[in-house]
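So the sequence shown is numbered by our numbering: it starts at 1 and just counts up by one.
So the structure is just underneath, and the comments pick up after that.
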Amino acid sequence: MKKVLVVGSGGREHALVWKLAQEGEVFCTPGNAGISDSCPTFNVPASDAEGLAILAREVGAGLVVIGPEDPLIAGVADDLRAAGLTVFGPPAKFARHEASKAWSKEFMHAAGIPTARSDSFMDFDEAFEWTKSRYDAGRQVAVKASGAALGKGVVVTSTLEEAEDALRAMLVDGSLGAAGNTVVVEDRLDGREFSLLTLVGASGFRSLPVVQDYKRIGDGDVGPNTGGMGSYSPVGWVSADMVREVEETIVAPAVQAMRDLGGDYRGVLFSGVMVVDGKPSCLEFNVRFGDPETQSVVRRLGAGFLDALWACASGGPVPEVETNGDSVVTVVAASAGYPGPVQKGTPATVGPMPDGVFVFHAGTSRSNGTLVTNGGRVLAVSAAAPDLAAARRAAYDGVAQIRFDGMQFRTDIAL
Ligand code: AMP
Ligand code: GLY
């Protein structure tokens, strides 16, 4: 049986473990309370490349799958490959898409990838002048911290004053620390969004089912941005032709441009897409599976996922991954205060789940045998059913079985 080591501790990693365990023997580090019910877990942190290499050899893992962006940005995939391991996860050189939006936007412009017009700045006056020129031209802008800011780095503005405030906060007041030392000012796009996760290997790529996530904390898309409060798949309004167009105009040019820069991208390329007047535009690239997109996507997959990741990592052609006919809705249960600071260690209970519902753990741990919260996003209730309406009902029946003090969740996922 094929052995795989999954690195990470969130809902995304629990979803990867859940799927991969159907096709191989899985290990995870550091994991969380839910993951440790599904497979052996260890306490090597995701940032410890040397420790991960030793662990991978000890358990006999032929494949290491790196979940989160931070170790990828830090070059853990490079270090593990240098140690002779087969790794699903791009090199630091291309994890830069997440470390520097300024770099990623330049990359998109240079590769001819459709994306909102933008420029990047370190100086407030220059940034303001550009922003004012865009408002004078009748546009609105999004102000983005260039560095990784955990989903809090984007301010979509409607007036020059709002944009000025955002620029001042990031560039003058340092509200986001080093992440906001450089900002990207980008034309605002108004359209519909979806995420496309594409498995990329040395000789080709293959996209997974289209999925949509919900970034704002509140029902009706109000309040601050989060890591993601829910997701669903399939996304009815995204046609097969639209997916093909995104692959042709966004994914393929990106993969080619990275090849031209010298280096293999072996991992998942996450394209955040906004469709305006029927035309897709790239909002961002992420270099890892989306969370909570992955929780919905894996439940729509049949056989072949492990083989596909293995093929990407080892340089072969990427085989097809089967999909089932299900619709999936995933609802995230978050701690009080999220996406701000949260209290950890709150006891949580998970009651019996309806048919087709699985609970992925995100921020959980065990304290003296009791399940407790251990982060902002705590649990992701994922329901698979023959249609979206049934999946939605089942997901919320599942949410009703979860209890912890201060629990918050959106009631409009997939509505
Ligand atoms: P990002 O981290 O770049 O994907 O931005 C987070 C969210 O901000 C996106 O999912 C969009 O909802 C929104 N956003 C980002 N860029 C723009 C833009 N140019 N116009 C409108 N909304 C945007
Ligand atoms: N849910 C969005 C992300 O993973 O970045």
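Using N, Cα and C, we set each Cβ at its ideal position, and we do this for glycine too.
Quick check on the burial criterion: 16 or more other C-beta atoms within 10 angstroms. Buried or exposed for residue i?
i    : result
G398 : buried
K101 : buried
Q22  : exposed
S195 : buried
H109 : exposed
P280 : buried
E13  : buried
S120 : buried
Going by the beta-carbon positions, is the gap between residue i and residue j smaller than 8 Å?
i    : j    : result
D78  : A92  : yes
V76  : L52  : yes
Q295 : T330 : yes
L379 : A414 : no
V26  : I66  : no
F42  : L63  : no
V155 : A137 : no
E284 : L197 : no
A111 : P224 : no
A348 : F409 : no
R288 : P68  : yes
G151 : G227 : yes
P114 : C282 : yes
V235 : V268 : no
K344 : G375 : yes
V332 : G230 : yes
F305 : N286 : no
T411 : D219 : yes
R206 : A308 : yes
Assuming residue i and residue j make a contact with CB atoms under 8 Å, what is their CB distance in whole Å?
i    : j    : result
A400 : V328 : No, A400 and V328 are not in contact; Cβ-Cβ is about 18 Å, not under 8 Å.
K105 : V184 : 6 Å
L98  : A148 : According to the sequence shown, residue 98 is Glu rather than Leu. The pair is a contact, with the Cβ atoms about 6 Å apart (cut-off 8 Å).
A311 : V318 : 5 Å
A145 : L189 : Not confirmed; about 18 Å, so no contact.
S118 : D187 : 7 Å
R244 : G201 : In fact, because the Cβ distance is near 19 Å, the residues do not count as touching under 8 Å.
A336 : G406 : 3 Å
V357 : A390 : Incorrect: roughly 11 Å between the Cβ atoms, too far for contact.
G11  : R366 : No, G11 and R366 are not in contact; Cβ-Cβ is about 17 Å, not under 8 Å.
Sort out for me which residues DSSP pairs residue i with in a bridge.
i    : result
V255 : DSSP, once it has assigned bridges, lists no residue as partnering V255.
Y232 : Q212 and V329
E416 : Outside the shown range of the chain, which is 1 to 415, sits residue 416, and nothing can be said about it.
N225 : R216
C28  : V6 and T41
E186 : S118 and A142
G204 : G201
- Task: Within the region 368-413, note down every full alpha helix (DSSP H) run reaching 4 residues or more, in order along the chain.
- Result: 388-399
- Going along the chain, which unbroken runs of the alpha helix (DSSP H) with 4 or more residues stay wholly within the region 71-142? 76-82, 92-99, 101-111 and 124-136
- Item | Every unbroken beta strand (DSSP E) inside the region 316-343 [3 residues or more] | 327-334
- Output the residue ranges of the alpha helix (DSSP H) runs that lie fully inside the region 264-315 and measure 4 residues or longer, sorted by chain position. 293-298 and 305-314
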